[in-house]
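In what follows, a structure is listed as C-alpha cells, so that the remarks can point back to it.
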Amino acid sequence: MSTSLAWDERYAGGSFQFGEAPNRYLESLAPRLRPGMRALAIGDGEGRNGVWLAERGLRTTSLDWSPVGLAKARALAERRGVALGTVAADAAAWAYPAAGFDLVAWIFVHLPPEDRAAAAAGVVRALAPGGLLALECFSPAQHGRRSGGPKLPELLWTRAIVEELFAGLAVEELLEGTVALDEGPRHQGQAEVVRALLRKP
Ligand SMILES: C[S@@+](CC[C@H](N)C(=O)[O-])C[C@H]1O[C@@H](n2cnc3c(N)ncnc32)[C@H](O)[C@@H]1O
C-alpha cells in the first residue's frame, strides 16, 4: 500500500515525476476557469496542476501528504511567480471547509476504497454551489499497461464509482476509455482512464 514516505522518496531529486505541465484534461477545461475562483488540487504532488491553476489567476491550494512533493510545488510556484497555498494532510482525513472551493482537481489520486469514499465526501462538502470537480484517474483496463497507475485493482476507478461517490453532483462529462498520456516519465503512452467533470447544484 502507498504511504506518504514512499511518495517522499519518489519525489526526492530534481526531476518532476509527472512533468511540470498540467494534466491535459484539466488544461482542456481552461475556458471554464475564471480568475479569482478558489481551487483545491488534491493529491497535487509536485504541484504541476496547482501551479497551472494559480497561473490562470485562481486562488489555489495544493493538498498532498508528501511534504517533499509540496516543497517542490512551492518552488515551482515561486519560479513561475505565482502564489500557491499548500496543505500537508491526508486527503481522507482533512477537515474540508464547507463550500470553500469553486473548483476541485482530483488528478491521478488513487486511494483505498474507504479513504476514497471519505475524501469524496469531503470534496462534495468543500464545493460551493455551482462548483466543479475535475477528475482523471486510471481505470481497471489500465492493468498491464506501462503508462502508469497503481498495481492494486481496488485503487482503480470506474464510471460506476464516480456515479456512486459523487451522486450529489450533476454530471457534465463522464467517460471511461483510452487516452494518450505524455505527462512526465511516469505517465507516457496509451492509457485507460476515467474522466469526469461534475458540478455541485
Ligand atoms: C500519481 S501522484 C499524482 C500527483 C498529481 N496529482 C499529478 O497529477 O501530478 C498521486 C499523489 O497523491 C498523493 N496521495 C496519495 N494518497 C494520498 C492521501 N491519502 N492524502 C494525500 N495525498 C495522497 C501522493 O503523495 C501523490 O503526490
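First residue of the sequence shown: 1111, per this note's numbering; consecutive thereafter.
Note that CB positions come from ideal geometry on N, CA and C, so glycine has one too.
Keep in mind the model is a prediction, meaning the values are calculated, not measured.
Here the distance from the Cβ of Ile-1217 to the nearest heavy atom of ligand 1 is below 7 Å. CA-to-CA, the gap between Ile-1152 and Gly-1254 works out to about 26 Å.
Note that the region 1254–1263 does not touch the region 1224–1236; fewer than 3 beta-carbon pairs, one per stretch, sit closer than 8 Å.
Ligand 1 has no heavy atom closer than 7 Å to the beta-carbon of Leu-1284. Annotated as distal: Asp-1212 and Ala-1229, with beta-carbon spacing of 8 Å or more. Rounded to the nearest angstrom, the gap between the Cα atoms of Arg-1142 and Leu-1307 is 11 Å. Contact between Arg-1166 and Pro-1145 holds: CB atoms are separated by about 7 Å, below the 8 Å threshold.
For Phe-1128, the CB falls within less than 7 Å of some heavy atom of ligand 1.
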